[in-house]
Amino acid sequence: MARKTARSTARGRGGRRSTRRTVVLIATRKGAWLYHGDAARRKWRADGPHFLGHNVSHLVLDPRDGRTLLAAAKTGHLGPTIFRSTDLGKSWKEAARPPAFAKVAEGEKARAVDHTFWLAPGRAADRDVWYAGTSPQGLFRSADGGVNWEPFSIINDDPQFREWMGTVQDGTPDGPKLHSIIVDPRDGAHFYIAMSGGGVHESMDGGGTWKTLIQGMDVVEGFGFDPAKPTFHDPHCIRMCPGNPDRLYQQNHCGIYRLDRPSDTWVRIGRSMPQQVGDIGFPLVVHPRDADTAWVFPMDGTQVWPRTSPGGKPAAYVTRNGGKTWQRLDAGLPRSQAWWTVKRQCMAADARDPVGLYVGNSGGELWMGRDEGRRWSCIGRHLPEIYAVETAELA
Amino acid sequence: MKVLVPSALRSYTERSEVEAGGATLGALLADLERHYPGIRFRIIDEQDRIRRHIRIFVNGEQARDLSRPLGAADEVIIVQALSGG
């Protein structure tokens with residue numbers, strides 16, 4: 000009976016039997032793990048730890064070859080680097096030249112990369128191109144699959160951007176970050192990036208020039224901050240919809256937003272979230288095929304900003320209509336006394352049908368939201384604090 | 000000269016004690032980098048500053064920057080300093 004159930008679940012909604020395997024890539028404060036799923040995504044095999052003791056900020060599989068992994072890592076003592084594997088983590092080699100800022104003349108304000116925070120593969124057509132966002136905010140590019148990294152675009156040294164980036168005090172508790180590096184799949188010169196803090200920015204010419212993209216975004220209320228200044232904006236996570244690259248969603252320090260290009264104005268779609276939950280959080284995940292569907296995992300943004308699940312009751316919320324309405328998805332999740340923090344990179348969707356969701360929390364648990372988040376179960380526990388969760392499909 | 004390497008860097012050197020040369024600390028680290036690619040950036044940042052949780056001692060005295068002169072008989076110790084849990 001169990002066998003029959005597993006077999007039927009391995010088929011997608013169209014009835015096709017899936018031969019693909021989902022792997023969940025987990026970056027933690029003390030190392031990295033790969034969770035390999037069976038065809039039905041019922042059983043999971045943990046492969047790890049990789050880099051035990053390293054702070055791993057992001058672990059990403061190259062979707063263009065399905066076997067190259069990049070890991071952004073540092074330790075409490077040692078400086079930041081990138082590790083690279085071309086055999087799905089069986090062996091690793093360090094980048095020859097990890098992301099690093101240009102050396103400045105004596106007396107100038109010098110910056111050093113504390114850690115690489117965000118890794119983004121380039122377009123399918125730009126094989127071996129990768130982008131990296133760092134803390135403090137920096138943008139880097141590799142043209143050789145992550146072996147050598149160079150500063151990319153004007154951002155790192157531009158006086159205006161440096162003013163918007165602020166100091167180490169203007170970022171997250173783990174330092175200010177450049178994240179959400181998005182390359183338009185239709186145009187390799189069209190980029191979006193976001194900075195915490197420092198706003199959202201768009202380039203149409205391969206990073207030569209940038210324009211701010213913050214219209215419509217709120218700033219922290221009550222203190223008279225000018226919303227026209229990128230300095231005051233803290234986008235937490237931006238996603239482009241694979242099913243419609245003209246649609247972006249954003250989870251911000253101040254709400255959930257949607258942007259439909261060519262409009263330049265973000266619309267706060269989080270206003271329709273339940274009032275007692277609010278629309279504050281870190282991650283946001285988009286559906287791989289349906290641009291009207293997105294998920295968030297709200298955090299408590301009241302009073303001293305606990306940044307834990309509101310009321311100690313973790314839940315995802317989904318919109319199926321571009322943010323007009325939201326539904327709570329908490330079946331299988333703890334009903335009380337579960338004070339999770341879920342960071343901006345800690346929620347991911349696979350590309351299967353129906354979509355599986357994956358959430359990693361600060362308590363080292365990995366949860367799967369089966370059937371697009373309708374039924375949750377814990378598939379990994381006792382891990383270190385989870386920093387990032389990604390998925391990939393293996394043939 | 001003799002260089003003592005902390006456990007965190009032994010994935011590069013594969014032993015706790017190595018030989019390297021240089022007239023200054025900077026030159027010594029360049030020599031280490033030639034033999035053990037990647038090791039320098041883990042302990043020295045891109046502005047040539049010793050990283051926050053790394054300490055380097057020459058004959059028992061802490062070296063503050065890469066211009067510290069070295070002699071062939073000096074002993075250099077690289078240490079990982081406290082960095083939390």
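Residue numbers (numbering that gives the first Met the number 0), protein chains in the order written: chain A, 0 to 394; chain B, 0 to 84. Where a beta carbon is used, it is the ideal one built from N, C-alpha and C, also for glycine.
Counting other Cβ atoms within 10 Å of its Cβ, A104 (chain A) stays below 16 and is therefore classed as exposed.
Taken atom to atom, the span from the alpha-carbon of W338 (chain A) to that of E18 (chain B) is near 51 Å. By the Cβ-count criterion, D44 (chain B) is buried, with 16 or more other Cβ atoms from all chains shown falling within 10 Å of its own Cβ. Shown here, Q168 (chain A) sits in a helix according to DSSP, grouped into three states.
Secondary structure note for Y11 (chain B): its alpha helix (DSSP H) is the uninterrupted segment R9 to T12. For N58 (chain B), same chain residues with a beta-carbon under 8 Å away, outside a window of 5 residues either side, are D73 and E74 in chain order.
With fewer than 16 other CB atoms across the displayed protein chains lying within 10 angstroms of its CB, L3 (chain B) is exposed.
The beta carbon of V78 (chain B) sits closer than 8 Å to the beta carbons of P5, I53, R54, I55 and F56 from its chain, once the five residues preceding and following it are set aside; these are given in chain order. DSSP, read as helix, strand or coil, puts Q159 (chain A) in helix.
Across the stretch 72-93 of chain A, CB contacts with chain B closer than 9 Å involve K73, T74, G75, H76, L77, G78, P79, T80 and E93, in sequence order along the chain.
Beta-bridge pairing by DSSP links Y357 (chain A) to A:A347 and A:M367. The three-state secondary structure of D143 (chain A), taken from DSSP, is coil.
Interface residue (Cβ-Cβ distance to chain A less than 8 Å): Q79 (chain B) is classified as such. Residues of the stretch 36-47 of chain B with a C-beta atom less than 8 Å from some C-beta of chain A are P36, G37, F40, R41, I42, I43, D44, E45, Q46 and D47, listed in chain order. For a cut-off of 8 Å, the C-beta gap from D278 (chain A) to G254 (chain A) is around 5 Å, short enough to register as a contact.
For A7 (chain B), a Cβ of chain A is located within less than 8 Å of the residue's own Cβ.
Along the stretch 51-80 of chain B, the positions whose C-beta sits under 8 Å from a C-beta of chain A are H52, I53, Q79 and A80, read in chain order.
The alpha carbon of T264 (chain A) has as its nearest neighbour, out of A:G280, A:R246 and A:Q274, the alpha carbon of A:R246. Along the stretch 246-273 of chain A, the beta strand (DSSP E) occurs as fully enclosed runs of 3 or more residues at 254-259, listed in sequence order. Closer than 8 Å to the CB of A70 (chain A) there is not a single CB belonging to chain B. Between R260 (chain A) and D291 (chain A), the alpha-carbon positions lie close to 14 Å from each other. For I42 (chain B), the enclosing alpha helix (DSSP H) starts and ends at I38 to I42. Per the C-alpha coordinates, the member of A:L118, A:I25, A:K42 and A:H49 positioned closest to Y386 (chain A) is A:I25.
Scanning the stretch 105-150 of chain A for uninterrupted beta strand (DSSP E) segments of 3 residues or longer gives 114-120, 129-134 and 137-141, listed from N- to C-terminal end.
Residue state for A45 (chain A) is assigned as strand, using DSSP reduced to three classes.
Under DSSP, the beta-bridge partners assigned to W375 (chain A) are A:G368.
Taking C-beta separations shorter than 6 Å and ignoring five residues to either side along the sequence, the partners of Q344 (chain A) in its chain run A387, following chain order. A straight line joining the alpha-carbon of A315 (chain A) with that of G372 (chain A) spans about 7 Å. With a cutoff of 8 Å on beta-carbon distance, P184 (chain A) and P98 (chain A) are scored as not near each other. Taking one beta carbon from each stretch, the stretch 167-176 of chain A and the stretch 200-211 of chain A have fewer than 3 pairs nearer than 8 Å; the two do not touch. In terms of beta-carbon proximity, A104 (chain A) stays away from the interface with chain B, with every pair separated by 8 Å or more. In the DSSP assignment, G25 (chain B) falls within the alpha helix (DSSP H) that extends over L24 to H34. When 7 Å is used as the limit between beta carbons, F224 (chain A) is near no residue of chain B, the shortest such separation being about 32 Å. Straight-line measurement puts the Cα of R267 (chain A) at about 15 Å from the Cα of V317 (chain A). If the five residues before and after R67 (chain B) are omitted, its C-beta is found closer than 7 Å to the C-beta atoms of T23, L24 and V57, all from its own chain and listed in chain order. As computed with DSSP, E392 (chain A) is found in a beta bridge with A:T21.
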